[in-house]
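From first to last, the protein sequence lines are chains X and D. Using our numbering, the letters of the first sequence correspond one by one to residues 1 to 272. Using our numbering, the letters of the second sequence correspond one by one to residues 1 to 320. Every residue gets a Cβ at the ideal spot worked out from N, C-alpha and C, and that includes glycine. On a predicted model such as this, the values are computed, not experimentally measured, just so you know.
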Amino acid sequence: MRISTPARLSLRTVAVLYLAVLLLVPLGLVFYRTFQHGFSEAWGWMTTPAAISALSLTLLIAAIAVPLNTIFGIICAHVLVRGRVRGRAILDALIDLPFVVSPIIVGLALILVYGESGWFGNWFINHGIRIIYAPAGMVIATVFVSLPFVVREVAPVLREAGEEQEEAAATLGASWWQTFRRVTMPSIRWGVAYGVVLTSARALGEIGAVLVVSSNVAGSTLTLPLLVYQRDSQIGPEAVSGAYAAATELIVISLAVLLLMTLLGQRREQVR
Amino acid sequence: MRIDILDVGKRFGDFVALADVSMEVAEGSLTALLGPSGSGKSTLLRIIAGLEAPDTGSVQLDGGDVTRARPQDRGIGFVFQHYAPFNHMSVRENVAFGLRIRKRPKAEIKAKVDELLALVGLTAWSGQRPAQLSGGQRQRMALARALAVDPRVLLLDEPFGALDANVRAELRLWLRRLHEEQQVTTVLVTHDQEEAMEVSDRIAVMHEGRIEQVGSPSEVYDKPVNDFVMGFLGPAVRLDGHLVRPHDLTISHQRNNGDIEAVITRIVHLGFEVRVEIELPDGSQARAQLTRAQAGELDLGTGDTVYVKAPATAREKAVA
Chain X
1 MRISTPARLS LRTVAVLYLA VLLLVPLGLV FYRTFQHGFS EAWGWMTTPA
51 AISALSLTLL IAAIAVPLNT IFGIICAHVL VRGRVRGRAI LDALIDLPFV
101 VSPIIVGLAL ILVYGESGWF GNWFINHGIR IIYAPAGMVI ATVFVSLPFV
151 VREVAPVLRE AGEEQEEAAA TLGASWWQTF RRVTMPSIRW GVAYGVVLTS
201 ARALGEIGAV LVVSSNVAGS TLTLPLLVYQ RDSQIGPEAV SGAYAAATEL
251 IVISLAVLLL MTLLGQRREQ VR
Chain D
1 MRIDILDVGK RFGDFVALAD VSMEVAEGSL TALLGPSGSG KSTLLRIIAG
51 LEAPDTGSVQ LDGGDVTRAR PQDRGIGFVF QHYAPFNHMS VRENVAFGLR
101 IRKRPKAEIK AKVDELLALV GLTAWSGQRP AQLSGGQRQR MALARALAVD
151 PRVLLLDEPF GALDANVRAE LRLWLRRLHE EQQVTTVLVT HDQEEAMEVS
201 DRIAVMHEGR IEQVGSPSEV YDKPVNDFVM GFLGPAVRLD GHLVRPHDLT
251 ISHQRNNGDI EAVITRIVHL GFEVRVEIEL PDGSQARAQL TRAQAGELDL
301 GTGDTVYVKA PATAREKAVA
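Below, the structure written as structure tokens:
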């Protein structure tokens, strides 16, 4: 279809304005506010004990949740696409549960299971393991809410790639694992990479589910998003500055993950 | 290696893909499984390969039961209709795949792959990705890949089905020569009767999950056991209730005993041959195929009344 020049220009303007108003301006303002009073002050806010603790807890949670959900996601996508088992439709629907259930409800559900009066709660508490109001519960909540991304990114790519290459590998003598590593994985790596980016973004940024199972004590059970939330709800310009500093940290980490996965994908492409 | 298929049955839901099929593929032969789509030929090939498990019956390779064996352990080479190239690997890596899996020494892999690339004429393309090759080249790469592991049986699933007519003809010839050199027992699935007759030394004609007839190309063409085989292996017209080949009909201006009266409705000149379309007394249409010389001698014209004679074999069948 041919579009006239004025129409094309106005379409472009609309798209750019839309992105600018909704994405760039708000994010840019966060950066602006963070560094408003100079870099050293912002750095000071980023290096308070509470901020460092929040940063390390955020990274720890992501470091557990992302690999777990990546491995599970690939296996699950494989079962969904290649499996010939009954009940695939149920599994398919279950995977979307974290998308449709509000994160707050996820947190409440975890308290019902692992809380002091919950099903398994007593057993864990008797064995000296705290889950609710502790980092363990926050990890479980994060795994829960970021579970579908890898599955949903990998399944269509796997379906598109088809089964023939895997069958060819089998007839050439490759075991299941050799086929997966040498044939399946290379053909789905872009889906996996994108799934990992989305999972990371969600794991780093999750607040609702984590808020419910966290004790919200600065320095021990606050993640960066929770720190932003807590500082932002305190009164006074200082606390707000702290919130912006933490927010900037969060944005930088997320952008770094996105950049890393893109570079990783490109490098692998060149090597092969 | 000899292949024995014993009472193999396979269903997909309600669809019967194979109904108690038995056949024997002789050592060193090139056998075609020929049939229309849905006749079960690809399913049978995949069962021989171990990519599909039969519901009933068994498969033996050289007398040893492999019905439950994995494809990895059968010593087969399999070539897919759409080549199934490993797109992220170079042509060389594709061909080397099976040898690398077997952890052969590097020098041996290189020598073997070089030899195979030369055999399939892809030496100059060894560093390219499959996506940069033409369809015919991709299929030759797939063949080299399958041959690299010295399979005892080579299985080809519609290998030339996705190629242009001239590339197809070239690859058929090439496959035939390759088979004569290497003598690997080969089973080829095709729906193209010309391909089956040109390439193979035995043809198994399949229809609705059964094998209708097994024989040499001339046997199945000249002595078909039923109307399906007759119709599937070449053009056939119905005359006096029997199927005959159009080129077996003789046409004359004089009535002889047993002839059928017909009116010429159209004459089509197709270079070497002439197709004479006729209408029989019962109103049905048929056609005869004559050489140009025969047609010239007879001096036929549209609207002429002629007398058509079926070949002796067809008349014998009619008597029987």
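When DSSP labels each residue in this structure, what does residue i get in the three-state scheme?
| i | result |
| --- | --- |
| K10(D) | strand |
| A320(D) | Here the model assigns A320(D) a pLDDT of 39, short of 50, so the residue's position is not dependable and the matter cannot be decided. |
| K309(D) | strand |
| Q285(D) | strand |
| D4(D) | strand |
| R300(X) | The question about residue 300(X) has no answer here: the residues shown for chain X are numbered 1 through 272. |
| R74(D) | coil |
| G191(X) | helix |
| L17(X) | helix |
| A17(D) | strand |
| T265(D) | strand |
| R315(D) | Confidence at R315(D) is low in this model, with a pLDDT of 48, below 50, so its placement is unreliable and no value can be given for it. |
| R100(D) | helix |
| E279(D) | strand |
| G215(D) | strand |
| G135(D) | helix |
| D92(X) | helix |
| R181(X) | helix |
| R272(X) | In this prediction, R272(X) scores a pLDDT of 44, lower than 50, which makes its location untrustworthy; the coordinate-derived value is nonetheless stated afterwards. Looking at R272(X) - three-state DSSP - the assignment turns out to be coil, as it is neither helix nor strand. |
| A295(D) | helix |
| L156(D) | strand |
| D248(D) | helix |
| V25(D) | strand |
| Q60(D) | strand |
Residues of chain D with CB under 9 Å from residue i, in chain order?
| i | result |
| --- | --- |
| V192(X) | Those within 9 Å of V192(X) in chain D number zero; the least Cβ separation is about 14 Å. |
| A174(X) | Q72, F97, G98 and I101 |
| Q178(X) | I101 |
Should residue i go down as buried or exposed, given a rule of 16 or more other Cβ atoms within 10 Å for buried?
| i | result |
| --- | --- |
| M185(X) | exposed |
| F12(D) | exposed |
| D157(D) | buried |
| F232(D) | buried |
| L63(D) | According to the sequence shown, residue 63(D) is Gly rather than Leu. By the 10 Å Cβ count, G63(D) comes out exposed. |
| W125(D) | buried |
| P26(X) | exposed |
| K309(D) | buried |
| G242(X) | buried |
| V79(D) | buried |
| L55(X) | buried |
| K112(D) | buried |
| W43(X) | exposed |
At the 9 Å Cβ level, is residue i part of the contact set with chain X, yes or no?
| i | result |
| --- | --- |
| R138(D) | no |
| L188(D) | no |
| A49(D) | yes |
| A148(D) | yes |
| H242(D) | no |
| A142(D) | yes |
| N256(D) | no |
| R145(D) | yes |
| A318(D) | The predicted position of A318(D) is uncertain, since its pLDDT is 44 and thus under 50; no value can be drawn from it. |
| R315(D) | Unreliable positioning characterises R315(D) in this predicted model, as indicated by a pLDDT of 48, which lies under 50. The coordinate reading is nonetheless provided below. No, because no Cβ of chain X sits closer than 9 Å to the Cβ of R315(D). |
Would you say residue i faces chain D, with C-beta separation under 9 Å as the test?
| i | result |
| --- | --- |
| L264(X) | no |
| A89(X) | no |
| R272(X) | Here R272(X) scores only 44 on pLDDT, less than 50, and its place in the model is too uncertain to base an answer on. |
| E238(X) | no |
| A155(X) | no |
| A168(X) | yes |
State the CB to CB distance for the pair residue i and residue j, rounded to an integer number of angstroms; the pair is presumed to be in contact (CB under 8 Å).
| i | j | result |
| --- | --- | --- |
| V154(X) | G191(X) | 4 Å |
| S252(D) | V306(D) | 7 Å |
| D20(D) | G35(D) | The pair is not a contact, with the Cβ atoms about 16 Å apart (cut-off 8 Å). |
| M23(D) | I47(D) | Not quite, the Cβ-Cβ distance comes to about 12 Å (not below 8 Å), so this is no contact. |
Quick one: which chain X residues come within Cβ less than 9 Å of residue i?
| i | result |
| --- | --- |
| A96(D) | The premise fails here: A96(D) is roughly 10 Å from chain X at the closest Cβ pair, so nothing lies under 9 Å. |
| D275(D) | The residue you asked about is not Asp; residue 275(D) is Arg in the sequence shown. Correct list: empty, because the minimum Cβ distance to chain X is about 41 Å. |
Name, please, each residue of chain X whose Cβ falls closer than 7 Å to the Cβ of residue i.
| i | result |
| --- | --- |
| G127(D) | Residues of chain X passing the Cβ test: none, with the nearest at roughly 12 Å. |
I want to verify the contact list: residues of chain D whose CB lies under 7 Å from the CB of residue i, in sequence order.
| i | result |
| --- | --- |
| T184(X) | Ordered by position in chain D, no residue passes the 7 Å Cβ test against T184(X), which lies about 11 Å from the chain. |
| E164(X) | F80, H82 and A84 |
| E160(X) | The contacting residues do not exist; E160(X) stays about 12 Å from chain D at best. |
Give the interface partners of residue i over in chain X, defined as CB-CB distance under 8 Å, in chain order.
| i | result |
| --- | --- |
| I76(D) | T171 |
Residue i touches chain D at which residues, Cβ-Cβ below 8 Å?
| i | result |
| --- | --- |
| S187(X) | N87 and H88 |
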